[in-house]
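So for the sequence shown, my numbering puts the first residue at 1122; every next one is plus one. Glycine is no exception: its CB is placed at the ideal position from the N, C-alpha and C atoms. Report on the structure given below.
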Amino acid sequence: MNKVKNVINIKYYDSPCGGMIIGAVGKGLCLCDWRENRHRLHNDNRVKCFFNAVYEEKDSRLLDDALRELDEYFAGRRREFDIPLCPAGTDFQLCVWQALTSIPYGETRSYMEIAEGLGNAKGVRAVAQAVGANQMSLFVPCHRVIGSNRSLTGFAGGLDAKRFLIDMEQKFCRK
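Dropping the structure here:
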């Protein structure tokens, strides 16, 4: 059995639409997920295994900067995040998550549009699975992905949180 060699510094954040846990490893943010997510344990284990790490609640400048950026985002003063990311994922997941970061603030895209943008219109289910595996919520804006019929679909923070985030961004875009 491998000995744990790394530490993921974590902090908790209370957003206007739910409690979150954020984590940093090395020089990048590796976690921003919902505390009430039914997949919380699975996501934690995946991140810890990927980085061969344990969680440790302690201060970190990177986490402080991430919390500040989240506060600015929810206040409507930030549309893009500057925090370096270090997500735990496969090459395909990383490709999908990168595509999510290109969805403009206040706009949405369907899973089909993401798949087509990646050059594989038949890969909608694979894209949906990769979006669902995102443990970098908000920083990798999976809340901006909706169904092809423009309906809200699954979201780790719940559909109420997803609607809140989309509505908030669209409201701030109108100002």
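query, result
"Sufficient close CB pairs (3 or more, under 8 Å) joining the stretch 1237 to 1249 to the stretch 1195 to 1209", "no"
"Nearest-angstrom Cα separation, counted from G1275 out to D1185", "29 Å"
"Cα-Cα separation, K1169 to I1143", "13 Å"
"Straight-line gap, R1182 to E1190 (C-alpha atoms, nearest Å)", "12 Å"
"DSSP bridge partner residues for M1257 (one or two, in chain order)", "C1153"
"Residue burial classification, N1158 (beta-carbon count within 10 angstroms, cutoff 16)", "buried"
"Integer Cβ distance of A1236 from V1245, believed to fall under 8 Å", "5 Å"
"Exposed unless 16 or more other CB atoms sit within 10 angstroms - verdict on G1278", "buried"
"Residue interval of the alpha helix (DSSP H) (run including A1220)", "D1212 to T1222"
"Helix, strand or coil at R1161 according to DSSP, with G and I counted as helix", "helix"
"For R1198, the three-state DSSP class (helix, strand or coil)", "coil"
"Status (buried if at least 16 other CB within 10 Å, exposed otherwise) for N1164", "buried"
"Burial state of N1127 (16 or more Cβ within 10 Å)", "exposed"
"Segment limits, alpha helix (DSSP H) that includes A1282", "L1280 to R1295"
"Environment of E1290 [buried if 16+ CB atoms lie within 10 Å]", "buried"
"Buried versus exposed, by CB contacts within 10 Å (16 or more), P1262", "buried"
"Which of helix, strand or coil DSSP assigns to E1228", "coil"
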